[in-house]
Amino acid sequence: MQLMEGKRVVIMGVANQRSIAWAIAKSLHKAGAELAFTYQGERLEKKVKSLVEKEMPGSLCVPCDVTSDEDIQKAFDTIGEKWDRIDGLVHAIAFAKKEDLEVPFVETSRDGYGMAQDISSYSLVATAKTARKLMKDGGSIITMTYLGAERVIPNYNVMGVAKAALESSVKYLAYDLGPDHIRVNAISAGPLRTLAAKGVKDFNSVLHVVEERSPMRRGIDASEVGDTALYLASNMSRGVTGEVIHVDAGFNIVGM
Ligand code: NAD
1 MQLMEGKRVV IMGVANQRSI AWAIAKSLHK AGAELAFTYQ GERLEKKVKS LVEKEMPGSL
61 CVPCDVTSDE DIQKAFDTIG EKWDRIDGLV HAIAFAKKED LEVPFVETSR DGYGMAQDIS
121 SYSLVATAKT ARKLMKDGGS IITMTYLGAE RVIPNYNVMG VAKAALESSV KYLAYDLGPD
181 HIRVNAISAG PLRTLAAKGV KDFNSVLHVV EERSPMRRGI DASEVGDTAL YLASNMSRGV
241 TGEVIHVDAG FNIVGM
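Under full-length UniProt numbering, residues 1 to 256 are what the sequence shown spells out, in order.
Have a look at this one:
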């Protein structure tokens, strides 16, 4: 029997084939999971649907902009009409205004700070609140974070502060949802060239530092994040909740 046979997981955050959410979907799909995808809106509809149709035909695809509670409710209602329960939720969503990533952190606008927190952190709370009603036999919620939550990574700025709130939210959600057998964990991934990463100034030098200084003297591959998500989504991690697991070739342990 495959690790994820009979398990149903909602994947939020595929924009294209480079998305971390897509790498996670591939690992879960290979292990036998049934998947439903949510995408941000009309702009991404064609791209996401054609990717899913090509590689995972039959999977559900529904729009969901996480800044709207109504949208989140509608998306999970649609999923609930097809599935009577879900076993997992992958939240791989973040956003900060380009202007706020281009100035020193001290110059962050009130509006930009709020927006980064809303989309990159609060959206986990909002989706967990809705998704838990479908997690009738318990479940696993997985979100994506980055080392910039724990340490200062130049240029990550407002997003680092949003990720710190996200990591703290993982712990509070894990505490609240534990009695319902719902586990909540985060993966702290090393740098990967994705659409979101394009917004971070000087991203190439972050990649090079990791390649030079990480214990494994290399960067990571998105499939390595996918396989860690598979562990977290499956029964293999049944005793693990409230954790942040680094998939970064060990870079986070290095002082210099
Ligand atoms: P990506 O651009 O492929 O994915 C980001 C996703 O967020 C997109 O699908 C986008 O549509 C979605 N999104 C943004 N605003 C949204 C909204 N209002 N409603 C719904 N969806 C919205 O980039 P990625 O690198 O795969 O990012 C996925 C997650 O991984 C993010 O949380 C990111 O911070 C995190 N992460 C990325 C890296 C990296 O180096 N790429 C490293 C660590 C963590």
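Glycine residues also receive a C-beta, built at the ideal position from the N, C-alpha and C atoms. Keep in mind the model is a prediction, meaning the values are calculated, not measured.
DSSP three-state assignment for residue i, whether helix, strand or coil
{"i": "LEU177", "result": "helix"}
{"i": "LEU35", "result": "strand"}
{"i": "THR228", "result": "helix"}
{"i": "GLY138", "result": "strand"}
{"i": "LEU60", "result": "strand"}
{"i": "THR145", "result": "strand"}
{"i": "ILE245", "result": "strand"}
{"i": "ILE253", "result": "helix"}
{"i": "MET159", "result": "helix"}
{"i": "MET12", "result": "strand"}
{"i": "ALA23", "result": "helix"}
{"i": "GLY114", "result": "helix"}
{"i": "SER169", "result": "helix"}
{"i": "ILE220", "result": "coil"}
{"i": "ILE182", "result": "strand"}
{"i": "SER123", "result": "helix"}
Distance between beta carbons of residue j and residue i, contact taken as under 8 Å
{"i": "ALA233", "j": "ILE93", "result": "With a Cβ gap of about 17 Å, ALA233 and ILE93 do not count as contacting."}
{"i": "VAL225", "j": "ALA75", "result": "Contact flag wrong, Cβ pair sits at about 23 Å."}
{"i": "THR145", "j": "LEU166", "result": "6 Å"}
{"i": "ILE220", "j": "LEU192", "result": "7 Å"}
{"i": "GLY250", "j": "MET216", "result": "6 Å"}
{"i": "ILE187", "j": "ALA229", "result": "6 Å"}
{"i": "GLN17", "j": "LEU51", "result": "6 Å"}
{"i": "ASP180", "j": "MET236", "result": "About 20 Å; that fails the 8 Å criterion."}
{"i": "ILE72", "j": "THR130", "result": "5 Å"}
is_contact[residue i, chain C] using C-beta, thresh 8 Å
{"i": "LEU147", "result": "Absent here is chain C; the protein component of the structure consists of one chain."}
Check: residue i C-beta below 7 Å from any heavy atom of ligand 1
{"i": "CYS61", "result": "no"}
{"i": "ASP84", "result": "no"}
{"i": "GLN40", "result": "yes"}
{"i": "PRO191", "result": "yes"}
{"i": "SER223", "result": "no"}
{"i": "LEU44", "result": "yes"}
{"i": "SER120", "result": "yes"}
{"i": "ARG213", "result": "no"}
{"i": "LEU169", "result": "Residue identity differs from the one stated: residue 169 is Ser in this sequence, not Leu. Every heavy atom of ligand 1 is 7 Å or more from the Cβ of SER169, so no."}
{"i": "MET144", "result": "yes"}
{"i": "VAL66", "result": "yes"}
{"i": "THR194", "result": "yes"}
{"i": "PHE95", "result": "yes"}
{"i": "GLY250", "result": "no"}
{"i": "ASN235", "result": "no"}
{"i": "ILE220", "result": "no"}
{"i": "VAL14", "result": "yes"}
{"i": "ILE20", "result": "yes"}
{"i": "ALA33", "result": "no"}
{"i": "ALA25", "result": "no"}
{"i": "ALA92", "result": "yes"}
{"i": "ALA197", "result": "yes"}
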